[in-house]
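In this note's numbering, the protein residues as written are 13 to 137. Here is the structure we will look at, set down as structure tokens.
The structure is reproduced here in structure tokens:
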């Protein structure tokens, strides 16, 4: 029981490190491009984490694959003005990330993993 608790703590610390590293590498790029990073949402699925930063015209989305294998097909599902919408990210190589701009997404969302933005990985290997 103690080992399981320690492994959960180690996994949590590892995830926090991944988030910090990705944020420190990507947020300066967003700022250089003149994008105002107002607030972020975070959601995870399998070995992929997605970060969405609200900008004046929509979202800047970072999908990071921290797993040992490539994700063959990934897409973002979100509630847009005309209902459920899908944005195809494509392949995300292992240890890499994709930076996506989605314009016109609503600026409100229920929670960080709610219906406004989430990542779904299809055929991930």
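Each residue gets a CB set at the ideal place from its N, CA and C atoms; glycine is no exception. Given the structure is predicted, the values throughout are model-derived calculations rather than measurements.
Taking 8 Å as the upper bound for CB-CB distance, residue 108 and residue 101 are not in contact here, some 12 Å apart.
Taking the CA atoms as reference points, residue 98 sits about 7 Å from residue 87. Annotation: residue 106 to residue 85 spans about 12 Å, alpha carbon to alpha carbon. By DSSP's assignment, residue 112 forms a beta bridge with 73. Nearest Cα to residue 112 within the set 82, 104, 78 and 72: 72.
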